[in-house]
Amino acid sequence: MVNNIIEEIKNNLTGEVMADATYLNQQAIKYRHHENAEEILKALSELSFEILPEDKKQYLKDTMFIGDKRVDQVFNQANELFKERKLEEAVELMKKIEEKADKFLENPDNQNQYSFRNRFDEYLFRELFKPEKEFGRTPFDFCMYLTAYGYILVEMGRGREAIPILEKAIKFNPVNTGSRFELIETYKMLHEPAKQLYTIRETLPMASTPEEIARCLCDLGYYCVEIKDYDSAVAFYYTSMLYAPNDRVTGELQHIAMLKGKQIDPPEKQDIDSAYSKYKIKDVPNPVVINMAYSLGEYCVEHNAHPQESLYYYSIAYNLTRDEKIKEKLDRLVEEAKALAEKQKKDDEK
Numbered sequence: 209m210v211n212n213i214i215e216e217i218k219n220n221l222t223g224e225v226m227a228d229a230t231y232l233n234q235q236a237i238k239y240r241h242h243e244n245a246e247e248i249l250k251a252l253s254e255l256s257f258e259i260l261p262e263d264k265k266q267y268l269k270d271t272m273f274i275g276d277k278r279v280d281q282v283f284n285q286a287n288e289l290f291k292e293r294k295l296e297e298a299v300e301l302m303k304k305i306e307e308k309a310d311k312f313l314e315n316p317d318n319q320n321q322y323s324f325r326n327r328f329d330e331y332l333f334r335e336l337f338k339p340e341k342e343f344g345r346t347p348f349d350f351c352m353y354l355t356a357y358g359y360i361l362v363e364m365g366r367g368r369e370a371i372p373i374l375e376k377a378i379k380f381n382p383v384n385t386g387s388r389f390e391l392i393e394t395y396k397m398l399h400e401p402a403k404q405l406y407t408i409r410e411t412l413p414m415a416s417t418p419e420e421i422a423r424c425l426c427d428l429g430y431y432c433v434e435i436k437d438y439d440s441a442v443a444f445y446y447t448s449m450l451y452a453p454n455d456r457v458t459g460e461l462q463h464i465a466m467l468k469g470k471q472i473d474p475p476e477k478q479d480i481d482s483a484y485s486k487y488k489i490k491d492v493p494n495p496v497v498i499n500m501a502y503s504l505g506e507y508c509v510e511h512n513a514h515p516q517e518s519l520y521y522y523s524i525a526y527n528l529t530r531d532e533k534i535k536e537k538l539d540r541l542v543e544e545a546k547a548l549a550e551k552q553k554k555d556d557e558k
């Protein structure tokens with residue numbers, strides 16, 4: 209099926225660079241939700257490279273290749289080495305990716321380039337960070353790559369080396385909580401509670417899922433245990449379970465009971481309010497995140513976007529609010545998405 213799609217696309221190329229580039233971009237949009245989207249988009253990317261003039265190819269090679277392999281291929285190779293527990297070899301490749309990311313940012317034209325994963329990241333960045341200049345996207349997800357590099361270093365007990373790597377990852381995508389959570393874990397390992405608290409408070413306002421909020425609250429609980437503020441720790445741990453149940457929280461509460469030498473009772477509302485106030489925690493979940501997700505869902509529906517895109521944004525808003533009106537919108541979109549998938553399947557079989 210995929211081979212037939214690619215062959216048809218190749219047959220429609222004209223040899224005119226601008227026309228073919230536009231056509232390939234249109235095909236990428238057309239097939240981005242296909243069941244074999246990853247394979248098709250990879251082939252389209254390779255075709256897009258092949259039609260470029262030589263000077264443009266050289267620029268992209270300098271930007272996108274390490275030796276004869278694309279940066280993403282090198283990352284996949286490093287990831288396989290990590291899975292095989294060949295950590296030193298994985299680090300060698302990750303170091304080359306870091307160097308490529310550094311070189312990318314050395315170019316003044318790339319100073320405002322970010323590794324945003326989707327439109328939600330872009331709009332949330334605008335709302336939370338108020339950038340004064342326009343920005344674009346990096347050719348690869350350097351945030352994800354550098355976060356993985358930091359994770360490997362932490363696994364090897366090299367947390368101090370991981371910190372600047374993770375800070376670079378955050379710069380590439382300031383609203384990606386993954387790199388921030390990894391930085392929090394690094395500060396835990398290094399027993400630096402003040403920096404841990406600072407990073408948690410920076411992360412919580414951009415948490416866009418119940419699981420992310422719960423993790424922030426659990427990290428606050430861990431911090432409070434570290435500084436022996438056990439009552440606040442209990443409040444944060446119990447509140448985290450309102451967002452996402454976690455068996456490990458039970459163990460943490462038992463640990464606190466042992467440290468206090470007495471049974472732990474569930475916190476009252478005033479106990480939770482007191483802990484939130486003490487650590488300057490407010491607006492959980494962040495209304496900005498909810499409104500952004502809902503607005504993007506509405507925009508996609510109004511502009512006839514693919515149902516999957518609308519579903520993504522509405523799901524964020526619904527999971528944070530459990531609003532039944534949003535649930536009704538989700539249910540309708542699920543049916544639309546199923547109908548489109550069936551139509552696409554029939555069209556592919558023709």
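In this text, residue positions in the sequence shown follow our numbering: the first is 209, and each later residue adds one.
Cβ atoms here follow ideal geometry from the backbone N, Cα and C, with glycine treated the same way.
Since the structure is predicted, the reported quantities are computational estimates derived from the model, not experimental observations.
Whether residue i touches residue j by CB criterion (8 Å)
i, j, result
"A443", "I480", "yes"
"A370", "G358", "yes"
"Y322", "F348", "no"
"L519", "A545", "yes"
"Y438", "K396", "no"
"L405", "I360", "no"
"V433", "I464", "yes"
"V282", "M272", "no"
"C351", "N315", "no"
"S448", "L412", "no"
"I248", "V210", "yes"
Best match in the options for proximity to residue i [C-alpha to C-alpha]
i, options, result
"I489", "F328, V542, D427", "D427"
"Y239", "S523, Q516, L528", "Q516"
"A525", "E460, N494, E543", "N494"
"V542", "T529, Q552, L528, S523", "S523"
"K250", "Q235, L425, D263, E262", "Q235"
"K554", "H242, E215, K294, R366", "H242"
"E363", "T447, C508, F290", "F290"
"A356", "N287, D491, D276", "N287"
"K477", "K470, Q471, S485", "S485"
"G365", "P339, L398, P372, G223", "L398"
"A513", "K218, I237, N212", "I237"
"S253", "Y231, D263, Y507, V457", "Y231"
"G223", "D473, A245, K338, E258", "E258"
"L301", "N326, Q285, D270", "Q285"
"V492", "D263, L450, K533", "L450"
"F328", "P339, Y502, E216", "Y502"
Extent of the continuous alpha helix (DSSP H) to which residue i belongs
i, result
"L427", "The displayed chain sequence assigns Asp, not Leu, to residue 427. 418 to 434 is the extent of the alpha helix (DSSP H) around D427."
"T385", "385 to 397"
"L160", "Absent from the model: residue 160. The displayed extent of the chain is 209 to 558, so no value can be given."
"F328", "327 to 337"
"R347", "First, the residue type needs correcting, since residue 347 is Pro and not Arg in the sequence shown. From DSSP, P347 is part of no alpha helix (DSSP H); its letter is neither H nor E."
"V279", "279 to 291"
"P559", "Here the chain has residues from 209 to 558 only, and residue 559 is not among them."
"N499", "495 to 510"
"E300", "295 to 314"
"A452", "From DSSP, A452 is part of no alpha helix (DSSP H); its letter is neither H nor E."
"R409", "401 to 411"
"A415", "First-last for A415: undefined, no H or E at that position."
"Q478", "477 to 486"
"S518", "515 to 529"
"S253", "245 to 258"
Supposed contact pair residue j and residue i - C-beta distance, whole angstroms, cut 8 Å
i, j, result
"L504", "Y521", "4 Å"
"A452", "E419", "5 Å"
"Y353", "I274", "Not really, about 11 Å apart at Cβ, beyond 8 Å."
"L461", "Y445", "6 Å"
"G367", "T407", "At roughly 13 Å, the Cβ-Cβ gap does not stay under 8 Å, so G367 and T407 are not in contact."
"N454", "A483", "N454 to A483, Cβ: 18 Å. No contact."
Same chain only: Cβ atoms within 8 Å of residue i, ignoring 5 sequence neighbours per side
i, result
"R409", "Y487, K488, I489"
"L332", "V383, M414, S416, V496, V497, M500"
"R345", "Q321, Y322, S323, F324"
"K535", "Y526"
"Q471", "A465"
"D531", "A525"
"N326", "Y520"
Residues near residue i by beta carbon distance below 6 Å, same chain, minus five either side
i, result
"N320", "K341, F343"
"L221", "D228"
"K376", "L354"
"F312", "N318"
"L374", "G358, S387, E390, L391"
"I214", "A251"
"K379", "none"
"S256", "L232"
"P261", "none"
Any C-beta of chain B under 8 Å from that of residue i
i, result
"C426", "Structure shown: chain B not included; a single protein chain is present."
Sequence-distant residues of the same chain with beta carbon closer than 7 Å to residue i, five excluded per side
i, result
"K308", "I274, V279"
"V509", "S518"
"K403", "Y395"
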